[in-house]
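Residue numbers (my numbering), protein chains in the order written: chain A, 409 to 892; chain B, 409 to 892.
Quick reminder that beta carbons are idealized off the backbone N, C-alpha and C, glycines included.
One structure is given here, and the rest of the page talks about it.
Shown next, in the form of structure tokens:
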């Protein structure tokens with residue numbers, strides 16, 4: 409499989425075309441479903457996405473969350489309870505108005521997010537300080553009528569995520585949950601999936617509808633545009649007051665609960681995995697989430713087929729309790745198979761020919777660097793385990809290095825104009841992240857197509873100088889980027 | 409927790425009340441969500457349901473299925489392609505007609521089942537005999553506007569299942585898939601979940617809309633009513649013709665594919681797990697799917713708290729890589745805790761007091777039989793593993809024994825009248841399972857509230873005598889039951 413219509417034809421430097429091609433050629437998804445903005449997910453993405461869910465769910469459970477499953481529909485009356493929330497989401501809601509031939513008396517919404525489904529129940533479940541903290545999550549899809557162009561795994565009218573909704577007795581506990589959410593993002597999204605990010609405190613005009621504040625993790629795509637990854641919100645008591653989530657404290661006094669919510673969008677993380685780690689040859693999967701971790705390629709010489717094929721089968725059977733492993737028994741040539749499984753992003757390839765059967769020593773090749781090693785049969789398991797870890801570590805480091813090089817400090821609009829084609833984040837002095845600053849943000853958007861992503865969430869940066877737009881004394885340092 | 413408002417008050421012999429009470433008292437689900445027929449699933453059910461999914465998915469993958477995720481919505485035009493199918497499902501479909509403030513130009517359906525979503529893509533994916541068999545499954549929820557009374561886990565307007573959709577080059581292969589589906593039902597639903605069943609070939613008037621034939625596994629609930637569990641359908645070429653699923657065979661000839669589908673409804677299996685294994689004290693979970701497999705209860709004597717609590721923690725930490733295990737550190741009395749965790753259905757309880765700390769020998773109690781054993785600390789893991797297997801085996805055997813005693817052969821309508829209060833299945837001679845027999849089936853339904861479940865799917869039974877209703881020579885032996 410050379411540069412034919414079967415293999416990749418686009419280099420990754422043509423990112424947009426490369427991204428579309430890699431999704432279709434490696435059979436991650438099919439875009440031809442006949443409802444606009446809805447994606448058909450094929451096994452090659454689903455297996456990886458399931459592994460990503462498992463890792464994230466295990467981390468949430470380690471931090472005391474328990475799983476729930478709420479209905480996919482929300483009655484209109486629930487939406488109406490939190491004014492900002494309905495205002496923010498109303499334009500995006502899909503409404504069910506009919507069942508069979510019956511017009512429903514009250515329209516029901518397909519959930520665009522689950523606050524207003526869950527918090528009616530939280531009000532029933534939370535009675536006393538003994539019921540707190542309440543930390544629940546659900547893995548589910550949500551539906552939003554996006555009017556912007558949709559792109560697979562990046563923006564769709566149906567997407568797959570986890571949402572964690574927590575309630576506490578005090579603001580302090582809620583704020584430390586926001587920190588814990590940021591830690592989980594680091595532990596899983598960065599260390600396991602290899603997605604670098606910065607948590608920004610979103611400016612007032614861009615926070616979650618109904619939140620006190622929003623911390624959102626932005627990563628970058630290879631074209632230098634920012635892609636929002638999980639956000640965690642201090643909801644404060646806004647929803648709790650609207651939904652009546654109250655508890656009796658240790659002193660028998662009635663109090664209102666404090667809430668947070670956190671939304672790791674696995675689907676979108678998968679977009680980053682494809683985009684950040686892939687190369688001109690195709691996909692490169694971090695080891696733990698690869699749909700197939702090891703592929704065995706038989707190297708067959710005429711008349712010596714049998715011992716080779718048997719050895720391949722034997723190795724697969726030996727290792728299949730440790731890894732997702734398979735043998736390519738197809739009629740294609742070894743060269744075609746090498747290219748094919750490289751394109752599919754399988755982390756480890758083992759080549760087995762007659763020589764290897766005899767010596768019980770196999771050639772093992774890793775996808776990220778192409779390095780080859782000879783490995784004794786009884787060392788295979790250990791070697792692959794170590795190699796898997798190292799491959800993931802290498803992907804993390806490479807992505808980090810690139811990401812860190814994409815942050816540019818900029819002093820003036822002229823400098824911004826000159827540098828903006830570099831892509832990435834532009835660190836600038838800015839008048840204000842409160843509503844006062846909205847006007848300057850709009851100037852940046854109109855003139856440069858740059859969005860204010862916010863201040864760094866976990867590092868205070870003191871501005872020195874004046875707002876890059878209006879020239880008034882800067883109150884904050886913010887980061888700008890083009891966005892998906 | 410004695411017979412107070414906190415514990416179970418209904419004996420299982422009042423099945424309907426017991427079922428409602430056990431769901432609410434053990435916090436499996438909450439029925440108070442404000443959309444009729446939609447259920448809120450709490451952690452105690454979700455953890456078990458996830459384990460059930462895992463076991464079933466592993467079995468499907470072992471048999472060559474791969475996971476996919478299809479959109480939850482289906483455009484109307486897809487439905488219109490298979491005439492019988494749309495006729496069967498039309499009254500139950502929820503329709504999305506609006507998004508934000510926009511009226512959609514074409515209404516879209518929330519999937520009631522996914523044939524018409526998936527097969528448009530199968531037509532694109534299947535080109536040659538090399539693409540066959542195509543065996544895919546998805547784990548998802550479906551929505552049906554049920555007009556009958558809904559009951560948690562039994563019948564709802566939203567329910568959780570797996571659907572496997574397979575395509576083959578020949579009818580023979582498709583028919584052997586139907587057999588494989590029946591085997592999977594045995595391997596997982598019977599052996600792991602302890603749900604006995606009979607596969608019936610549904611009569612013509614009761615088969616799946618669009619199928620050539622339907623084999624459906626019926627189990628029984630404790631009140632003697634049948635509950636349909638997975639069904640597997642030979643779809644033949646009906647859908648393939650409507651959707652254009654064709655392939656070029658080895659001789660370069662264009663052929664139409666043969667299809668099957670299989671629908672293990674995990675949600676409904678969970679209803680059977682609750683109903684079949686529970687007792688007057690509450691739930692009893694088969695070991696592998698228990699949300700918590702082992703609960704440790706500290707037995708505290710004043711002044712001797714510390715070593716006991718430390719030992720409890722130590723044992724939990726030692727065993728938590730093998731089992732879902734926890735310690736009840738709450739302020740409640742040991743007696744209250746015993747009753748509480750029995751009600752919750754935890755398979756194994758370990759009691760640890762000062763004596764046990766000293767002797768390093770603990771009392772281990774199993775939930776199903778209440779048997780106690782003394783177990784040395786270094787034997788705990790092995791003992792619990794063995795005990796878990798034995799507990800599941802015991803639940804399977806008990807359920808089987810009861811189930812087999814609920815099958816009654818009946819010769820006349822008088823005998824049927826006399827025995828029908830026993831519940832279960834009534835084996836009778838019947839004129840015909842083709843459309844000819846529909847009239848007699850309606851008589852049984854009207855007079856006795858009994859439904860014709862069909863002939864045994866995997867055993868041919870020769871009728872001897874005449875139809876129990878019309879007296880004409882019987883062509884088949886069928887089984888009758890009241891149904892959920």
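Legend entry - Rounded separation between residue 750 of chain B and residue 642 of chain A - CA only: Locating residue 750 of chain B in the second chain gives position 342, where the first residue counts as 1. Locating residue 642 of chain A in the first chain gives position 234, where the first residue counts as 1. The straight-line gap from Cα to Cα measures roughly 38 Å.
Legend entry - Proximal chain B residues relative to residue 440 of chain A, where beta-carbon distance stays under 7 Å: The residue you call residue 440 of chain A lines up with position 32 of the first chain. Simply 532.
Legend entry - Listed by chain order, chain A residues near residue 489 of chain B by CB distance under 9 Å: As a first step, residue 489 of chain B must be located in the second chain, where it is residue number 81. Within 9 Å Cβ-Cβ: nothing; residue 489 of chain B doesn't reach chain A, min ~11 Å.
Inset, instruction - Would you list, in chain order, the members of the region 507–520 of chain B that have their beta-carbon closer than 8 Å to a beta-carbon of chain D? - result: The structure shown has no chain D; the protein chains it does contain are A and B.
Legend entry - Euclidean distance between Cα positions of residue 836 of chain B and residue 460 of chain B: Counted from its first residue, the second chain places residue 836 of chain B at position 428. Counted from its first residue, the second chain places residue 460 of chain B at position 52. Each residue's Cα considered, the two are about 35 Å apart.
Inset, instruction - Could you give the DSSP three-state label for residue 538 of chain A: helix, strand or coil? - result: The sequence position of residue 538 of chain A within the first chain is 130, counting from 1. DSSP places residue 538 of chain A in helix when its eight states are reduced to three.
Legend entry - Any 3 or more C-beta pairs closer than 8 Å across the region 839–847 of chain B and the region 581–600 of chain B: Using a Cβ-Cβ distance cut-off of 8 Å, the region 839–847 of chain B and the region 581–600 of chain B are not in contact, since fewer than three pairs of beta carbons, one from each stretch, lie closer than that value.
Legend entry - Proximal chain B residues relative to residue 528 of chain A, where beta-carbon distance stays under 8 Å: Here residue 528 of chain A is taken as the residue at index 120 of the first chain, counted from 1. Neighbours of residue 528 of chain A on chain B, chain order: 441 and 442.
Legend entry - Three-state secondary structure assigned by DSSP to residue 837 of chain A: For the purposes of this step, residue 837 of chain A is taken as the residue at position 429 of the first chain. Of the three classes helix, strand and coil, the one that applies to residue 837 of chain A here is strand, per DSSP.
Legend entry - Exposed unless 16 or more other CB atoms sit within 10 angstroms - verdict on residue 419 of chain B: Here residue 419 of chain B corresponds to residue number 11 of the second chain, with the count starting at 1. Answer is exposed; the Cβ neighbour count stays below 16.
Legend entry - Test: residue 569 of chain A CB closer than 9 Å to a CB of chain B: By one-based count along the first chain, residue 569 of chain A stands at place 161. So, not an interface residue.
Legend entry - Sequence-distant residues of the same chain with beta carbon closer than 8 Å to residue 727 of chain A, five excluded per side: Position 319 of the first chain, counted from the first residue, corresponds to residue 727 of chain A. Taken in chain order, the residues that qualify are 702, 733, 788, 789 and 792.
Inset, instruction - Leaving out five residues on either side along the sequence, give the residues of the same chain with a beta carbon under 6 Å from the beta carbon of residue 410 of chain A. - result: Along the first chain, one-based indexing puts residue 410 of chain A at 2. Note that residue 410 of chain A scores a pLDDT of 48, beneath 50, so its modelled location is shaky and nothing firm can be said.
Legend entry - Distance between beta carbons of residue 828 of chain A and residue 626 of chain A, contact taken as under 8 Å: Here residue 626 of chain A is taken as the residue at index 218 of the first chain, counted from 1. Here residue 828 of chain A is taken as the residue at index 420 of the first chain, counted from 1. No, residue 626 of chain A and residue 828 of chain A are not in contact; Cβ-Cβ is about 17 Å, not under 8 Å.
Inset, instruction - Put residue 514 of chain B into one of helix, strand or coil per three-state DSSP. - result: Residue mapping note: residue 514 of chain B aligns to position 106 of the second chain, counting from 1. Looking at residue 514 of chain B - three-state DSSP - the assignment turns out to be strand.
Legend entry - Strand pairing of residue 742 of chain B, partner residues [DSSP]: In the second chain, the residue the question calls residue 742 of chain B occupies position 334. Beta-bridge partners of residue 742 of chain B (DSSP): none assigned.
Inset, instruction - Identify whether residue 868 of chain B lies in helix, strand or coil by the three-state DSSP scheme. - result: By one-based count along the second chain, residue 868 of chain B stands at place 460. Correct three-state label for residue 868 of chain B: coil.
Legend entry - Collapsed DSSP secondary structure at residue 419 of chain A in the structure displayed: Within the first chain, residue 419 of chain A is the residue found at index 11, counting from 1. In this structure, residue 419 of chain A counts as coil in the three-state DSSP scheme.
Legend entry - Sub-9 Å separation of residue 455 of chain A and residue 674 of chain A beta-carbons: In the first chain, residue 455 of chain A corresponds to position 47, counting from 1. In the first chain, residue 674 of chain A corresponds to position 266, counting from 1. No. Outside cutoff.
Legend entry - Inter-stretch contact (C-beta, 8 Å, three-pair minimum) for the region 505–524 of chain A and the region 533–543 of chain A: no
Inset, instruction - Could you name the residues of the same chain whose beta carbon sits closer than 6 Å to that of residue 620 of chain A, not counting the 5 residues immediately before and after it, in chain order? - result: On the first chain, residue 620 of chain A is found 212 positions in, with the first residue counted as 1. Only 642 and 644 meet the Cβ criterion.
Legend entry - Start-to-end residues for the alpha helix (DSSP H) that takes in residue 676 of chain A: The residue labelled residue 676 of chain A in the question sits at position 268 within the first chain. Counting along the chain, the alpha helix (DSSP H) containing residue 676 of chain A begins and ends at 674–685.
Legend entry - chain B within 9 Å of residue 865 of chain A, Cβ atoms only: As a first step, residue 865 of chain A is located in the first chain; it is residue number 457 there, counting from the start. No, residue 865 of chain A does not count as interfacial toward chain B.
Legend entry - First and last residue of the uninterrupted beta strand (DSSP E) at residue 453 of chain A: Taking the first residue of the first chain as 1, we reach residue 453 of chain A at position 45. That residue, residue 453 of chain A, is in no beta strand (DSSP E); its alpha helix (DSSP H) goes 451–470.
Legend entry - N-terminal and C-terminal residue of the alpha helix (DSSP H) that residue 579 of chain B is part of: Numbered from its first residue, the second chain carries residue 579 of chain B at position 171. In this chain, the alpha helix (DSSP H) harbouring residue 579 of chain B covers 579–592.
Inset, instruction - Kindly give me the distance between the Cβ atoms of residue 537 of chain B and residue 655 of chain B, rounded to whole angstroms, as I take these residues to be in contact under 8 Å. - result: Along the second chain, read from residue 1 onward, the residue named residue 537 of chain B stands at position 129. Along the second chain, read from residue 1 onward, the residue named residue 655 of chain B stands at position 247. Between residue 655 of chain B and residue 537 of chain B the Cβ distance is about 6 Å, and since that is below 8 Å, they are a contact.
Inset, instruction - Could you name the residues of chain A that residue 553 of chain B contacts, counting a contact when the two beta carbons are closer than 7 Å? - result: Counting from 1 along the second chain, the entry for residue 553 of chain B is found at position 145. Correct list: 507 and 508.
Legend entry - CB of residue 785 of chain A within 9 Å of CB of residue 769 of chain A, strictly: As a first step, residue 785 of chain A is located in the first chain; it is residue number 377 there, counting from the start. As a first step, residue 769 of chain A is located in the first chain; it is residue number 361 there, counting from the start. Yes, these two residues count as a Cβ contact at 9 Å.
Inset, instruction - Tell me, please, whether the region 467–476 of chain A touches the region 701–715 of chain A by the rule of three or more beta-carbon pairs shorter than 8 Å. - result: The region 701–715 of chain A and the region 467–476 of chain A do not touch, with fewer than three beta-carbon pairs separated by less than 8 Å.
Inset, instruction - Please specify which runs of the beta strand (DSSP E), each continuous and at least 3 residues long, are wholly inside the region 699–780 of chain A, giving them in chain order. - result: 702–706, 733–735, 756–760 and 769–774
Legend entry - C-beta contact flag for residue 569 of chain B and residue 671 of chain B at 9 Å: Position 161 of the second chain, counting from 1, holds the residue named residue 569 of chain B. Position 263 of the second chain, counting from 1, holds the residue named residue 671 of chain B. Taking 9 Å as the Cβ cut-off, residue 569 of chain B and residue 671 of chain B qualify as a contacting pair.
Inset, instruction - Under 8 Å between beta-carbons, which chain B residues line up against residue 455 of chain A? List them in chain order, please. - result: Here residue 455 of chain A refers to the residue found at position 47 of the first chain. Near residue 455 of chain A (Cβ distances below 8 Å), the residues of chain B are 474 and 475.
Legend entry - Residue of A:667, A:429, A:623 and A:698 minimising C-alpha distance to residue 796 of chain A: If you number the first chain from 1, residue 796 of chain A lands on position 388. Minimum Cα distance to residue 796 of chain A is reached at A:698.
Inset, instruction - Using the Cα positions of residue 451 of chain B and residue 681 of chain A, report the straight-line distance between them to the nearest angstrom. - result: If you number the second chain from 1, residue 451 of chain B lands on position 43. If you number the first chain from 1, residue 681 of chain A lands on position 273. Each residue's Cα considered, the two are about 30 Å apart.
Inset, instruction - Determine the direct distance from the alpha carbon of residue 741 of chain B to that of residue 696 of chain A, and round the result to whole angstroms. - result: Within the first chain, the letter at position 288 stands for residue 696 of chain A. Within the second chain, the letter at position 333 stands for residue 741 of chain B. About 44 Å.
Legend entry - Chain-order list of residues whose beta-carbon lies under 6 Å from that of residue 547 of chain A (same chain, five-residue window excluded): Here residue 547 of chain A corresponds to residue number 139 of the first chain, with the count starting at 1. Excluding positions up to five away in sequence, the list reads 461 and 570.
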